[in-house]
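Residues 172 to 351 (my numbering) are what the sequence shown spells out, left to right. Idealized CB from N, CA, C, for every residue including glycine. The structure displayed is predicted, hence computed values, not measured ones. Data first, discussion second: the structure below is written as structure tokens.
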Amino acid sequence: AVTRELDVKGEIQAQKELGDFVDGDTLDGLTLRVPKVDSKIEGDQFFADEYIEGGIHPKQDLIDQMKASRQYHRYARLIFYSLLRQLLIHGRYHADLHAGNIMFRLAQSEVFLLDFGNTATLSWANRLRFIGMLAGLRLGLPKLAVAVLQQMQRNGRFSSDLQRDLHGIAADRSRPIDAR
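This is the structure we're talking about:
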């Protein structure tokens with residue numbers, strides 16, 4: 172796991188690639204941001220993001236404040252929306268979302284995704300399966316969702332491309348698993 176976090180060039184590339192794809196996503200009047208990499212402070216062993224003036228990490232008191240003002244679910248929806256766009260449309264996604272990798276700038280209605288050291292890529296086949304499962308759940312057709320899961324798990328084992336994707340994510344989430 173340490174080598175993934177220390178792959179500076181891969182992290183910079185992932186941040187730029189996903190930033191180009193999702194920076195500026197908007198939902199419910201909120202905007203998702205990915206900080207730019209400061210090209211003046213970049214080397215083989217380090218790099219720096221642009222400074223986020225007024226940015227704060229979501230500590231418990233901030234989460235409580237956001238829940239009280241009914242903002243918490245709006246921001247969560249935006250993050251979820253962006254993650255689904257990354258996963259289902261782009262294929263490569265941020266694979267390490269937690270409070271330390273999210274920053275808010277509430278006065279500007281912005282949320283920032285940080286630390287792209289762990290990203291993952293799903294094959295087209297598994298993106299389509301995932302969409303089928305979501306559609307089955309959304310349409311109230313649990314049998315469809317189960318059928319998709321069964322397709323992913325043939326003969327008591329996951330299909331070979333899903334196994335490959337899962338193995339690749341576990342082995343090294345910073346590299347594409349499937350070049351299809």
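Across the set Lys230, Gln322 and Lys207, the C-alpha of Lys230 shows the shortest separation from the C-alpha of Gly271.
When rounded, the separation of the alpha-carbon atoms in Lys180 and Ala306 is 37 angstroms. For Lys187, the CB contacts under 7 angstroms within the same chain, skipping 5 residues up- and downstream, are Val208 in chain order. Leaving aside the five residues that flank His269 on each side, none in its chain has a CB nearer than 6 angstroms to its CB.
One thing to note: Val193 has its Cβ within 8 angstroms of the Cβ of Arg256. Under the 10 Å beta carbon count, Val282 is surrounded by 16 or more other beta carbons and is classified as buried.
For Ala318, the enclosing alpha helix (DSSP H) covers residues Pro313 to Met323.
Glu224 and Met274 have their alpha carbons spaced roughly 11 angstroms apart. For Ala291, the enclosing beta strand (DSSP E) starts and ends at Thr290 to Thr292. For Phe287, there is no enclosing alpha helix (DSSP H), since its DSSP letter is neither H nor E. Per DSSP, Leu299 is one residue of the alpha helix (DSSP H) stretching across Trp295 to Arg309. Relative to Leu285, the option among Gly303, Ala266 and Arg300 whose CA is nearest is Ala266.
A distance of 8 angstroms or more separates the beta carbons of Ile250 and Tyr243. Taking every protein chain shown into account, the CB of Thr292 has 16 or more other CB atoms within 10 angstroms, so this residue is buried. Closest in C-alpha terms to Gln322, from the list Leu254, Met304 and Glu221, comes Met304. Residue nearest to Arg248 within the set Leu201, Gly195 and Ala278 is Leu201 (criterion: CA-CA distance).
If you ignore the 5 residues before and after Leu258, its C-beta comes within less than 6 angstroms of the C-beta of Tyr264, all in its own chain and listed in chain order.
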